[in-house]
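Worksheet for the structure shown next.
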Amino acid sequence: MELETIRYDVREGVAHIRFARPEEANAVNPIFSRDFRAVMLAVEFDNAVKAVSVTAEGPVFCAGGDLKAFHAAGEDLPKLASDMLIDFHGAIYKMNRTPKPFVAGVSRAMKKALPRGSLA
């Protein structure tokens, strides 16, 4: 599996997913969406994977949508967004449907933004 924006490996039963666009604050673009879906398919079908760790390179876990990519799409934005959402939502669907537990490594700023006890 060739990935451009996510690093993925499995060690001792744990799948390690690492967002790898630190220069862009790990913002979601079409390539990231495609890579994320591919990784989630790998997690789903690999029986050696018993748990999943999700982390990110750089100080920002994920800034959300990549506004530069959206702007660059110009009039093609509706198609870009549609294609991107198919992949991204497919990945999220897989994440929600698998019985394998996920652990996310996020920064202190994220912890402070969430309700008390939600990351306990």
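Going by my numbering, 49 is the number at position 57 of the sequence shown; the sequence numbering is gapless. A virtual CB, placed ideally from N, CA and C, is assigned to each residue, including glycine.
{"Asked": "Under 6 angstroms Cβ to Cβ from arginine -1, same chain only, skipping five residues before and after it: list those, please.", "Found": "Arg10, Ala12"}
{"Asked": "Nearest-angstrom Cα distance between alanine 73 and phenylalanine 28?", "Found": "15 angstroms"}
{"Asked": "Exposed or buried, which one is asparagine 18 when buried takes at least 16 other CB atoms within 10 Å?", "Found": "buried"}
{"Asked": "Assuming contact is defined by CB atoms lying nearer than 9 angstroms, are methionine 76 and valine 20 in contact in what I supplied?", "Found": "yes"}
{"Asked": "Taking DSSP as the reference, what is the three-state secondary structure of glutamate 67?", "Found": "helix"}
{"Asked": "Go ahead and pull the three-state DSSP assignment for glycine 82.", "Found": "helix"}
{"Asked": "Beta-carbon within less than 6 angstroms of valine 31's beta-carbon, same chain only, minus the 5 sequence neighbours each way: which residues are those?", "Found": "Ile(-2), Tyr0, Ile9"}
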